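Residue numbers (the numbering used here), protein chains in the order written: chain A, 1 to 137; chain B, 138 to 312.
Glycine included, C-beta positions come from ideal geometry on N, C-alpha and C.
Only a predicted model underlies this, so the values are computations on that prediction, with no experimental measurement involved.
See below for the structure under consideration.
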């Protein structure tokens, strides 16, 4: 009986760590986006990601908008939403929670690309973006 | 033996935590804190989805009709895309309606309704007569200070706004 509960405790611990291992990482998301784009991971480009991050586009009200506008010029630093709320840094080096939840990442790419570029980002662009942020220090 | 006890401890803790999590129905109010303190409310989707760009504005600050309008246009939310999947959107709307200003669940809600015409459905809290009256001593120049940015940035002045506390003691207007 005692031995059994010990074993089941081990089993629960095992399952918990299996779940942790299955979580997304910047690398696994890059692999996923590269696959979607039909290119090898090595074809993702950090410089292209940086350009996507910094390039300004005409916004709906005529003001220039860019990813850097909210996430700041340096993605290892905290940004600010339009309402003034703090946005934790986007670079995983400064904020390990970033790019660990595929659904969350997809949701914000969908919204923010629409807002800034007035269109969705391609799989290649998403991969480039993460490639750049992953190496930002 | 030591490991065995720890193993049992882990099971007990996991069990207790999940029991707690399941015994808290989503959207439960923990009592109305009175005039300037809002009832503490919990709804996981609301907290997760409506607090990334600003504080999660309390449901008691707008009537049901306002929340229906607002939740119906999340893809063009004050110039930003805040769209959600339909299930999450419906879950959040249900929670907002159940605790809205005209749901009779809080004193602050009753006060918000006092200044409102029955068929009014404002999209902004900051444009309700109630809000304008409460803030008549704040000058126009103050609202546009860089440290504040917008009247919707409640937390710039109300230091505990994210906990629903708006009483005098916690107000400090930043320079």
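For the segment 81 to 99 of chain A, which residues have a beta carbon sitting closer than 9 Å to at least one beta carbon of chain B?
So the list reads 81, 82, 83, 84, 85 and 87, given in the order they occur along the chain.
Determine, using beta carbons only, whether residue 262/B comes closer than 8 Å to chain A.
Here residue 262/B corresponds to residue number 125 of the second chain, with the count starting at 1. So no, residue 262/B is outside the interface.
Which partner residues of residue 58/A appear in the DSSP bridge assignment?
The count along the first chain starts at 1 and reaches residue 58/A at position 58. Bridge partners of residue 58/A: 64/A.
What are the start and end residues of the alpha helix (DSSP H) that includes residue 135/A?
By 1-based counting over the first chain, the position of residue 135/A is 135. First-last of the alpha helix (DSSP H) with residue 135/A: 123 to 135.
Just how far apart, CA to CA, sit residue 26/A and residue 134/A?
As a working mapping, residue 26/A is identified with position 26 in the first chain. As a working mapping, residue 134/A is identified with position 134 in the first chain. When rounded, the distance between both Cα atoms is 7 Å.
Of all the options 312/B, 253/B, 248/B and 302/B, which has the alpha carbon lying nearest to the alpha carbon of residue 192/B?
Counting from 1 along the second chain, the entry for residue 192/B is found at position 55. When only C-alpha atoms are compared, the closest one is 302/B.
Would residue 290/B and residue 83/A be called neighbours here (beta carbons separated by less than 8 Å)?
Locating residue 290/B in the second chain gives position 153, counting from the first residue. Locating residue 83/A in the first chain gives position 83, counting from the first residue. Taking 8 Å as the Cβ cut-off, residue 290/B and residue 83/A qualify as a contacting pair.
Beta carbon of residue 100/A, beta carbon of residue 24/A: below 8 Å?
Locating residue 100/A in the first chain gives position 100, counting from the first residue. Locating residue 24/A in the first chain gives position 24, counting from the first residue. In this structure, the beta-carbon distance from residue 100/A to residue 24/A falls below 8 Å.
Could you tell me whether the Cβ atoms of residue 132/A and residue 49/A are closer together than 8 Å?
Taking the first chain and counting its residues from 1, the one referred to as residue 132/A is at position 132. Taking the first chain and counting its residues from 1, the one referred to as residue 49/A is at position 49. Yes, the Cβ-Cβ distance between residue 132/A and residue 49/A is below 8 Å.
Answer with yes or no whether the minimum CB distance from residue 300/B to chain A is below 8 Å.
As a working mapping, residue 300/B is identified with position 163 in the second chain. No, residue 300/B does not count as interfacial toward chain A.
Chain-ordered chain B contacts of residue 60/A [CB-CB under 9 Å]
If you number the first chain from 1, residue 60/A lands on position 60. Ordered by position in chain B, the residues that pass the 9 Å Cβ test against residue 60/A are 216.
Residue 128/A and residue 52/A closer than 8 Å at C-beta:
In the first chain, the residue the question calls residue 128/A occupies position 128. In the first chain, the residue the question calls residue 52/A occupies position 52. Yes, they are a contact pair.
In chain order, each alpha helix (DSSP H) run of at least 4 residues that lies wholly inside the segment 244 to 312 of chain B
Counting only runs of 4 or more, we get 244 to 251, 266 to 271 and 277 to 280.
I need the DSSP call for residue 241/B, collapsed to helix, strand or coil.
For the purposes of this step, residue 241/B is identified with residue 104 of the second chain, where counting begins at 1. Coil at residue 241/B, not helix or strand.
When burial is assigned at 16 or more other CB atoms within 10 Å of the CB, is residue 216/B buried or exposed?
Within the second chain, numbered from 1, the residue matching residue 216/B stands at position 79. It counts as exposed.
Report the rounded CA-to-CA distance for residue 208/B versus residue 222/B, giving the unit in angstroms.
For the purposes of this step, residue 208/B is taken as residue 71 along the second chain, with counting starting at 1. For the purposes of this step, residue 222/B is taken as residue 85 along the second chain, with counting starting at 1. So the alpha carbons of these two residues sit roughly 12 Å apart.
Per-residue burial, residue 161/B [other beta carbons within 10 Å of its own, 16 or more giving buried]
Walking along the second chain from the start, residue 161/B turns up at place 24. Low confidence applies here, because residue 161/B scores a pLDDT of 38, under 50, leaving its location unreliable; read the following figure in that light. A residue is called buried when at least 16 other Cβ atoms come within 10 angstroms of its Cβ; residue 161/B does not meet this threshold and is exposed.
Start and end residues, alpha helix (DSSP H) containing residue 182/B
By one-based count along the second chain, residue 182/B stands at place 45. 181 to 186 is the span of the alpha helix (DSSP H), which, as asked, contains residue 182/B.
In chain order, which beta strand (DSSP E) runs of at least 3 residues are fully inside the segment 192 to 219 of chain B?
Residue ranges of uninterrupted beta strand (DSSP E) with 3 or more members are absent from the segment 192 to 219 of chain B; none lies entirely inside it.
So residue 114/A contacts chain B; which residues on that side make the cut at Cβ distance below 7 Å?
The residue you call residue 114/A lines up with position 114 of the first chain. At a C-beta separation below 7 Å, residue 114/A has these neighbours in chain B: 218.
Would you check if the distance between the CB atom of residue 219/B and the CB atom of residue 137/A is smaller than 8 Å?
Against the second chain, residue 219/B aligns to sequence position 82. Against the first chain, residue 137/A aligns to sequence position 137. Not closer than 8 Å, so no.
Helix or strand or just coil, what does DSSP make of residue 82/A?
Taking the first residue of the first chain as 1, we reach residue 82/A at position 82. It is coil, neither helix nor strand.
Pull up the distance between the alpha-carbon of residue 210/B and that of residue 32/A, whole angstroms please.
Walking along the second chain from the start, residue 210/B turns up at place 73. Walking along the first chain from the start, residue 32/A turns up at place 32. Going from the Cα of residue 210/B to the Cα of residue 32/A covers about 31 Å.
Could you give the first and the last residue of the continuous alpha helix (DSSP H) run that contains residue 93/A?
Numbered from its first residue, the first chain carries residue 93/A at position 93. Unbroken run through residue 93/A: none, as it is neither H nor E.
Residue of 78/A, 103/A, 105/A and 106/A minimising C-alpha distance to residue 93/A:
Within the first chain, numbered from 1, the residue matching residue 93/A stands at position 93. Per the C-alpha coordinates, the member of 78/A, 103/A, 105/A and 106/A positioned closest to residue 93/A is 78/A.
Give me the Cβ distance between residue 329/B and residue 238/B, rounded to the nearest whole Å; I'm assuming they're in contact under 8 Å.
This structure gives no information on residue 329/B, because the portion of chain B shown stretches from 138 to 312.
From the DSSP output, in three-state form, read off residue 174/B for me.
Here residue 174/B refers to the residue found at position 37 of the second chain. Correct three-state label for residue 174/B: strand.
Test item: CB-CB of residue 253/B and residue 266/B under 8 Å
The sequence position of residue 253/B within the second chain is 116, counting from 1. The sequence position of residue 266/B within the second chain is 129, counting from 1. Contact check for residue 253/B against residue 266/B passes: the beta carbons are separated by less than 8 Å.
Can you pull the chain B residues whose beta carbon is under 8 Å from the beta carbon of residue 111/A, in chain order?
Translated into positions along the first chain, residue 111/A becomes position 111. Chain B residues near residue 111/A: 217, 218, 219 and 220.
Which value, in whole angstroms, describes the spacing of the CA atoms of residue 194/B and residue 213/B?
Numbered from 1 along the second chain, position 57 holds the residue referred to as residue 194/B. Numbered from 1 along the second chain, position 76 holds the residue referred to as residue 213/B. Looking at the backbone, the Cα of residue 194/B and that of residue 213/B are separated by about 18 Å.
So which residues on chain A does residue 191/B lean against when the C-beta distance must stay under 9 Å?
Residue 191/B sits at position 54 when you count from the first residue of the second chain. Against residue 191/B, the close residues of chain A are 81, 82, 83, 84 and 85, in the order they occur along the chain (beta-carbon pairs closer than 9 Å).
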